[in-house]
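Undergrad:
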Amino acid sequence: MKALRPLVMSGKEVLPVVEGGKGISVSNGESSGAWASAGGVGTFSGVNADAYDENGQLIPQLYHGRTRRERHEELIAHSIRGGIYQARVAHETAGGEGRIHMNVLWEMAAAEQILHGVLEGSKGLIHGITCGAGMPYRVAEIAVKHGVYYYPIVSSARAFRALWLRAYNKFRDFLGGVVYEDPWLAGGHNGLSNSEDPLKPEDPYPRVKALREMMNSFGLHDTPILMAGGVWWLSEWEHWLDNPEIGPIGFQFGTRPLLTRESPISDAWKQRLLTLKPGDVYLNHFSPTGFYSSAVSNPFLEELKGRAERQVAYSVEPVGDLTAEFQVGPRGRPVYLTEHDRERAQGWVAAGHTNALKTPDTTLIFVDQATSDVIRKDQVDCMGCLSACNFSNWAQNEEGTTGRKADPRSFCIQKTLQNISHSEDVEHQLMFAGHNAYRFGQDPWYQNGFVPTVKQLVERIATGY
Ligand SMILES: Cc1cc2nc3c(=O)[nH]c(=O)nc-3n(C[C@H](O)[C@H](O)[C@H](O)COP(=O)(O)O)c2cc1C
Ligand code: SF4
71 MKALRPLVMS GKEVLPVVEG GKGISVSNGE SSGAWASAGG VGTFSGVNAD
121 AYDENGQLIP QLYHGRTRRE RHEELIAHSI RGGIYQARVA HETAGGEGRI
171 HMNVLWEMAA AEQILHGVLE GSKGLIHGIT CGAGMPYRVA EIAVKHGVYY
221 YPIVSSARAF RALWLRAYNK FRDFLGGVVY EDPWLAGGHN GLSNSEDPLK
271 PEDPYPRVKA LREMMNSFGL HDTPILMAGG VWWLSEWEHW LDNPEIGPIG
321 FQFGTRPLLT RESPISDAWK QRLLTLKPGD VYLNHFSPTG FYSSAVSNPF
371 LEELKGRAER QVAYSVEPVG DLTAEFQVGP RGRPVYLTEH DRERAQGWVA
421 AGHTNALKTP DTTLIFVDQA TSDVIRKDQV DCMGCLSACN FSNWAQNEEG
471 TTGRKADPRS FCIQKTLQNI SHSEDVEHQL MFAGHNAYRF GQDPWYQNGF
521 VPTVKQLVER IATGY
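Numbered as in the numbering used here, the sequence shown ends at 535 without a single skipped number.
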């Protein structure tokens, strides 16, 4: 394979390989610091990051507030403390090599306040911010204020154009690079737009070429693009190297670094990765953020698929063909379904899915009592971690609500991502992964359960494999 050309990123020449940010607590100070120490760019997740006390004990993120808004304030304090903690660990682990970036989701609650708080409390330790999910117009201004570089994560040239024209052109010197995250391949949340079909993946090459053309038209010829999503062996991307259509290029990995010694995920999660088969990662639309996301099809996702399937349209008055009366709730209030749907609903009830829950789209879904109880409890326990949440209807606005009915087809992503990163449970939690994760099971390097160090992985990637 052609030799990888180093890139100048966040003010330093580095290997053009990046560990992408992974929340919650999946890329942390230790993993990102190790990545930087190997000469690349490590990204720790600044989304509700963990902090430890002076005895090395995890400081539990407990919430005492009685209202969602009070708990939301506590969450901001936890997040700032955790971000500063992980920045310190990353800095110490990197030993002055590579670069350290922090990732935040623009759609997480109080993203701006948390960014200011962490950057203020970790001066000189963080060199760049990566930010995706939504349109992070204001991230440039925040980065510049703290003297760090910013890296928007986009899934199309069009999205970058909007960001550039509205905000980034005023802060061009601190634009460190643009992450192109392939919406059909990458793990975690995916930026599919309304015009893109989740079932029709597109080749990333022409999309990145279009992004480069757009960037060149703004005079950003030297600004690197970081290709994220589905990258495994760089030998498969050789035609992207030294290619004027693509320009300066680096590669961001999210899934491969999950299986390293420094990766903080559980052994159960690491072992599960080795058993995945093609097709096991499912692009779904259940996230309470409203974005698509890619995760392993496990009982957690199967249950959500089941909820979506056990779904019928209803009306509170008989109208059109919704005339078949059906009683819901403890008081047996009548709603009206089609005759066919009433039969289906009766079948679900007979099979134990006795509780009919209303959705914001005037549909009912059918779940068993235990699931219904968990949905209600999670909605009540909400601590306002997103700027707007479809599941609990929390929103970070004056009213504290999206104004829509809470949606029981979704779930509390805060709870499940905390659970998977702090336990051995990989079956009943959301397990984000990229669509190439099955390659762990096929790549001879991982045979016999070999788990590399980050240094070994970075060196291996640089060889093309
Ligand atoms: C477990 C997991 C969690 C992730 N969490 C985030 C996140 O919080 N923020 C983000 O911008 N990207 C997140 N990503 C995306 C990665 O940073 C990276 O861009 C992506 O995984 C690259 O594609 P790959 O999975 O094919 O390697 C996550 C990916 C995984 C696998
Ligand atoms: S219900 Fe939604 S906003 Fe509330 S904590 Fe869970 S994911 Fe966050």
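Just so it is clear, CB atoms sit at the ideal spot from N, CA and C, and this is done for glycine as well.
Around the Cβ of Tyr155, are there at least 16 other Cβ atoms within 10 angstroms (buried) or fewer (exposed)?
TA: When all chains shown are included, Tyr155 counts as buried.
Undergrad: Mapping the DSSP letters down to three states, classify Tyr275 as helix, strand or coil.
TA: Here Tyr275 sits in helix by DSSP.
Undergrad: CB-CB under 7 Å to Pro388, same chain, minus the five flanking residues each way: which ones, in chain order?
TA: Correct list, in chain order: Tyr406.
Undergrad: Per DSSP, Pro222 is paired with what?
TA: In the DSSP output, where bridge partners are listed per residue, Pro222 has Cys201.
Undergrad: Would you kindly work out how many angstroms separate the C-alpha atoms of Ala157 and Asp120, rounded to a whole number?
TA: Roughly 11 Å between the two C-alpha positions.
Undergrad: May I ask you to check if the CB of His259 is nearer than 8 Å to at least one heavy atom of ligand 1?
TA: True, at least one ligand heavy atom lies under 8 Å from that Cβ.
Undergrad: Along the alpha helix (DSSP H) that carries Phe321, what are the first and last residues, could you check?
TA: From DSSP, Phe321 is part of no alpha helix (DSSP H) but of the beta strand (DSSP E) over 319 to 323.
Undergrad: Measuring straight from C-alpha to C-alpha, what distance separates Phe520 and Ala298?
TA: C-alpha separation (whole angstroms): 24 Å.
Undergrad: Are there 16 or more other CB atoms within 10 angstroms of the CB of Asn264, so buried, or fewer, so exposed?
TA: Exposed.
Undergrad: Along the chain, where does the alpha helix (DSSP H) that runs through Ile129 open and close?
TA: Neither: Ile129 is in no alpha helix (DSSP H) and is coded neither H nor E.
Undergrad: Excluding five sequence neighbours on each side, which residues of the same chain lie with their C-beta closer than 6 Å to the C-beta of Lys279?
TA: Cβ within range, chain order: Glu315.
Undergrad: Any idea if Ser192 is buried or exposed, counting beta-carbon neighbours within 10 angstroms, 16 or more meaning buried?
TA: It counts as buried.
Undergrad: Can you have a look at Ala108 and say buried or exposed, based on whether 16 or more other CB atoms are within 10 angstroms of its CB?
TA: The residue in question, Ala108, is buried, as its Cβ has 16 or more Cβ neighbours within 10 Å.
Undergrad: So which of Cys455, Gly289, Phe356 has the shortest CA-CA distance to Thr429?
TA: When only C-alpha atoms are compared, the closest one is Phe356.
Undergrad: Which word fits Asp431, buried or exposed, when buried means at least 16 other C-beta atoms lie within 10 angstroms of its C-beta?
TA: Its Cβ having fewer than 16 others within 10 Å, Asp431 is exposed.
Undergrad: Does the distance between the C-beta of Pro358 and the nearest non-hydrogen atom of ligand 2 fall short of 8 Å?
TA: Yes, the beta carbon of Pro358 sits closer than 8 Å to at least one heavy atom of ligand 2.
Undergrad: Along the chain, where does the alpha helix (DSSP H) containing Ser491 start, and where does it finish?
TA: Unbroken alpha helix (DSSP H) run through Ser491: 483 to 491.
Undergrad: With a cut-off of 9 Å, does the C-beta of Leu434 fall near any C-beta of chain B?
TA: Checking the listed chains, one finds no chain B in this structure; it contains a single protein chain.
Undergrad: Rounding to the nearest angstrom, what Cα-Cα distance links Arg380 and Thr424 in this structure?
TA: Cα to Cα, Arg380 sits roughly 11 Å from Thr424.
Undergrad: Answer yes or no: the CB of Thr113 versus the heavy atoms of ligand 1, is any distance below 8 Å?
TA: Checking the Cβ of Thr113 against ligand 1 gives yes.
Undergrad: Under the DSSP definition of a beta bridge, which residues are partnered with Glu83?
TA: Val78.
Undergrad: For the candidate residues Gly473, Glu529, Ser457, Tyr516, whose alpha-carbon lies nearest to that of Pro206?
TA: When each option's Cα is compared against that of Pro206, the closest is Ser457.
Undergrad: Which residue wins for smallest C-alpha separation from Gly300, given the options Gln499, Ser149, Glu272, Arg138?
TA: If we check each option's Cα against that of Gly300, Glu272 comes out closest.
Undergrad: May I ask you to list the residues that DSSP assigns as paired with Tyr207?
TA: In the DSSP output, where bridge partners are listed per residue, Tyr207 has none listed.
Undergrad: For Leu185, which residues does DSSP report across the bridge?
TA: According to DSSP, Leu185 bridges with nothing at all.
Undergrad: The beta strand (DSSP E) with Phe114 in it runs from where to where?
TA: It spans 111 to 115 - the beta strand (DSSP E) in which Phe114 sits, taken as one unbroken run.
Undergrad: To the nearest angstrom, how far is the alpha carbon of Ile129 from that of Tyr122?
TA: In a straight line, the C-alpha of Ile129 is about 5 Å away from that of Tyr122.
Undergrad: Where does the unbroken beta strand (DSSP E) through Gln23 begin, and where does it stop?
TA: There is no way to answer for residue 23, as the model of the chain reaches only from 71 to 535.
Undergrad: What are the start and end residues of the alpha helix (DSSP H) that includes His148?
TA: Its alpha helix (DSSP H) spans residues 138 to 164.
Undergrad: Note down the Cα distance separating Pro116 from Gly153, rounded to an integer number of angstroms.
TA: First, the residue type needs correcting, since residue 116 is Gly and not Pro in the sequence shown. When rounded, the distance between both Cα atoms is 5 Å.
Undergrad: Using alpha carbons as the reference points, say which of Thr433, His142, Phe510, Ser336 lies closest to Cys452.
TA: Measuring from the Cα of Cys452, the nearest candidate turns out to be His142.
Undergrad: For the beta strand (DSSP E) containing Phe436, name the first residue and the last one.
TA: Looking at the DSSP string, the run of the beta strand (DSSP E) that includes Phe436 is 433 to 437.
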